[in-house]
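A.B. asks: To convert, note that position 54 of the sequence shown is 54 in the numbering used here; the numbers rise steadily by one, no gaps.
Glycine included, C-beta positions come from ideal geometry on N, C-alpha and C.
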Amino acid sequence: MTARPRVVETTLPLVMVGEFRTFDKPGAMSPAPRDGRFYARDTAAMARALNVTGPVRPEVVFAVTAVNPEFPALRPSAPPAAFSNNHFGYALTWFGLAIALMGFYVALLRRRMKKDGPQAAAHRVRGDTKD
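1. What are the boundary residues of the beta strand (DSSP E) that includes Ala63?
2. Less than 7 angstroms between C-beta atoms, sequence neighbours within five positions excluded: which residues of the same chain meet that for Arg4?
3. Just how far apart, CA to CA, sit Val61 and Leu101?
4. Taking C-alpha atoms, which residue in Gly103, Arg57 and Leu14 lies nearest to Arg41?
5. In its own chain, which residues sit with a C-beta less than 7 angstroms from the C-beta of Glu93, not counting the 5 before and 5 after it?
6. Take Arg34 as the anchor and find which of Pro26, Ala45 and Asp24 has the nearest alpha-carbon.
7. Pick from Asn85, Val64 and Ser84: whose alpha carbon is nearest that of Arg75?
8. What residues in its chain sit with their C-beta under 6 angstroms from that of Phe23, if we drop five residues either side in the sequence?
9. Measuring CA to CA, which of His87, Tyr39 and Pro69 is closest to Ala28?
10. If you check the beta carbons only, do Gly18 and Ala78 fall under 9 angstroms apart?
11. Using a Cβ-Cβ cutoff of less than 7 angstroms, which residues in the same chain neighbour Gly103 once the five nearest sequence positions on both sides are dropped?
Below, the structure written as structure tokens:
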């Protein structure tokens, strides 16, 4: 978008619909903001980064209706109330697959050892063959 939306001088009230939300404080696992990137919803840190003076409320208002409908790039939408966090499920899946693979490998080794027997394995190590 290269052009700015037009500004119309008016005394009419502007009607905009928004969602008012509050968020939990960032957790201990959230990285600190760096280089203008925020990894958690921290309004105080965002206000500091934008050099906002005065008190900052922890609530946020997300616009859900357009005030400039002629600019499609300015389509408002509220983000989801909660982002999906499937990391624990993924970890369980991958560790479960690793444990199953180890169990399969151990079963394969035990089967081979039982089939060959301890004496056949010892002969194979020494290079002896028994026909």
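C.D. replies: Looking at the atomic coordinates:
1. For Ala63, the enclosing beta strand (DSSP E) stretches over residues Val60 to Ala63.
2. none
3. 49 angstroms
4. Arg57
5. It should be pointed out that residue 93 corresponds to Thr in this sequence rather than to Glu. Counting only Cβ-Cβ distances below 7 angstroms, and skipping sequence neighbours, we find nothing.
6. Ala45
7. Val64
8. Scanning its chain for C-beta atoms nearer than 6 angstroms, with the 5 sequence neighbours on each side dropped, one finds around Phe23 the residues Arg41, in chain order.
9. Tyr39
10. yes
11. none
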